[in-house]
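Chemist: Here's a structure for you.
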Amino acid sequence: MGNGLSKRNIESQLCREKLERLAGEYISETLSCIDTVKEFSDGRIAWLLQRKKEVNKMKNIIDRAERSKVTTAHITKSQNKLKAMDEYLDSKFTQVNPEELERELRSVLQDTLVGLKKMTPFLEAVEKLAVISLSVFREGNPLCQLPRGTSAADVCAVISAAMRTCPLLIHFQRNNSKFFLPSLANADVLALQLEKYVEVTKDLCERLQESISSFGMISRTNKIYIKENLSRKTIQTMYDHLNQLTDIRLSSNLAPLEAEGVFTVSRCQKVSECIKLTREKKEERIKKNTSRSSLHLASLFRVGRYSENSLAATDLPSLQKS
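The sequence shown begins at 1 in full-length UniProt numbering and counts up one residue at a time.
The structure is reproduced here in structure tokens:
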């Protein structure tokens, strides 16, 4: 009997240690994500400014490429002949080689890709925080043992903010190295997309800033200690639940879509064409349905199912009330 009791005690202790280790990892990873979000958010102004400079450089390249294509037809079609003549002469005297412009574009895009790569840990951290369980960090939870100076309420505030902002991450689900290729033909699309990144990143950081601002330097997570008065069954239940939460957090990742190159320039153009076609079909269907409804109503009047008086007596009062 003594051996059986000793064995149960050992098993209970092992179960307790597993839970303590898993809880420590879960809390440590959460605080690490918060630290990553805070670090990028604090340096966002410099990051955004650099991306805006790259957008302006792209637009300058696009403008020079367009000016190099000016022909005599431009003078003929223009209302302001004198201005058109100046533009034509300017294009001839400042002729730019397309290969040279493409090299400039490649140089700009190299900086862009470096900047976007620096943002990836921030996006991944926001995504992970969005699937963190608030219940783990609830006051009174025996697993919620945070470092000195870090409150459960502050952690929950960041998690909640990440949950609200998570839908914005859809804008970043593309393979940037395949999308931002140095092609003059697509330069305007690239500039537009980078502008969108700047806009959404600014929005993301602003939404997270209030909850993040309360955090200073996050110290290392303390070792988790589970109270001795918890039963083995309770500890096992807590472990199983936390294990499920860990699996959810680990399975949350933008990388699979990014690796597949879900959004390339050509794919975006196809999606845009598909949306346009769908809208046209929808409008056509609405027109047909409207036409059918009018014909059906007219036929009802003809066969005497409805009269003008009965229609006025029944339908108009309800319309007036509404």
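The beta carbon of each residue, even a glycine, is placed where N, CA and C say it ideally should be.
Remember, it's a predicted structure, so these values are computed and weren't measured experimentally.
#1: On the criterion of 16 or more Cβ atoms from any shown chain inside 10 Å, does Ser-6 qualify as buried, or is it exposed?
#2: Expressed to the nearest angstrom, what Euclidean distance is found between the alpha-carbon atoms of Gln-269 and Val-198?
#3: Does Cys-144 come out as helix, strand or coil in the three-state DSSP assignment?
#4: Is there contact between the region 22–40 and the region 126–140, where contact requires at least three CB pairs shorter than 8 Å?
#5: Is the distance from the Cβ of Leu-190 to the Cβ of Met-58 below 9 Å?
#6: State buried or exposed for Val-108, treating a residue as buried only when at least 16 other CB atoms are found within 10 Å of its CB.
#7: Assign Phe-137 to one of three DSSP states: helix, strand, or coil.
#8: Assuming Asn-56 is part of the alpha helix (DSSP H), what are its boundary residues?
#9: In three-state terms, what does DSSP make of residue 368?
#10: Assuming Phe-137 contacts Cys-166 (C-beta within less than 8 Å), just tell me the rounded distance between them.
#11: Below 8 Å, how does it come out for the region 97–111 and the region 8–23: are there three or more Cβ pairs, yes or no?
#12: Judging by CA-CA distance, which residue of Arg-103, Leu-169, Tyr-26, Arg-106 is the nearest neighbour of residue 323?
#13: Count the other CB atoms within 10 Å of the CB of Asn-186; is the residue buried (16 or more) or exposed (fewer)?
#14: DSSP state of Leu-245, grouped into three classes?
#15: Report buried or exposed for Lys-52, applying the criterion of at least 16 other Cβ atoms within 10 angstroms of its Cβ.
#16: Which of helix, strand or coil does DSSP assign to Tyr-225?
#17: Excluding sequence positions up to five away, which residues of its chain have a Cβ less than 6 Å from the Cβ of Asp-154?
#18: When the Cα of residue 331 is compared with those of Phe-40, Tyr-239, Gln-209, which residue comes out closest?
#19: So, is Gly-176 buried or exposed, given that buried needs 16 or more other C-beta atoms within 10 angstroms?
#20: Quick one: using the 10 Å Cβ neighbour count with 16 as the cut-off for buried, is Arg-249 buried or exposed?
#21: Exposed or buried, which one is Ser-310 when buried takes at least 16 other CB atoms within 10 Å?
Modeler: The answer reads as follows:
#1: By 1-based counting over the sequence shown, the position of residue 6 is 6. It counts as exposed.
#2: If you number the sequence shown from 1, residue 269 lands on position 269. If you number the sequence shown from 1, residue 198 lands on position 198. Confidence at Gln-269 is low in this model, with a pLDDT of 45, below 50, so its placement is unreliable and no value can be given for it.
#3: Looking up residue 144 in the sequence shown gives position 144. Note: Cys-144 maps to coil in three-state DSSP.
#4: yes
#5: By 1-based counting over the sequence shown, the position of residue 190 is 190. By 1-based counting over the sequence shown, the position of residue 58 is 58. For Leu-190 and Met-58, yes; Cβs fall inside 9 Å.
#6: Reading the sequence shown from its first residue, position 108 is the one you call residue 108. So Val-108 counts as buried.
#7: The residue you call residue 137 lines up with position 137 of the sequence shown. Helix at Phe-137.
#8: Numbered from its first residue, the sequence shown carries residue 56 at position 56. Note, Asn-56: alpha helix (DSSP H), 44–67.
#9: Here the chain covers residues 1 to 322 and nothing more, so residue 368 does not appear.
#10: Residue 137 sits at position 137 when you count from the first residue of the sequence shown. Residue 166 sits at position 166 when you count from the first residue of the sequence shown. With 8 Å as the limit, Phe-137 and Cys-166 do not qualify as a contact, their Cβ atoms being about 17 Å apart.
#11: no
#12: Because the chain here runs from 1 to 322, residue 323 falls outside it and cannot be looked at.
#13: Along the sequence shown, read from residue 1 onward, the residue named residue 186 stands at position 186. So Asn-186 counts as buried.
#14: Mapped onto the sequence shown, residue 245 falls at position 245. Note: Leu-245 maps to helix in three-state DSSP.
#15: Reading the sequence shown from its first residue, position 52 is the one you call residue 52. Lys-52 should be labelled exposed.
#16: Indexing the sequence shown from 1 puts residue 225 at position 225. Looking at Tyr-225 - three-state DSSP - the assignment turns out to be coil, as it is neither helix nor strand.
#17: Working through the sequence shown from its first residue, we reach residue 154 at position 154. So the qualifying residues of the chain are Ser-214.
#18: Outside the shown range of the chain, which is 1 to 322, sits residue 331, and nothing can be said about it.
#19: For the purposes of this step, residue 176 is taken as residue 176 along the sequence shown, with counting starting at 1. According to the sequence displayed, residue 176 carries Asn and not Gly. Buried, by the Cβ-count rule.
#20: As a working mapping, residue 249 is identified with position 249 in the sequence shown. So Arg-249 counts as buried.
#21: The residue labelled residue 310 in the question sits at position 310 within the sequence shown. Residue placement at Ser-310 is poorly supported in this model, since its pLDDT is 37, which falls under 50; the coordinates still yield a value, given next. That one is exposed.
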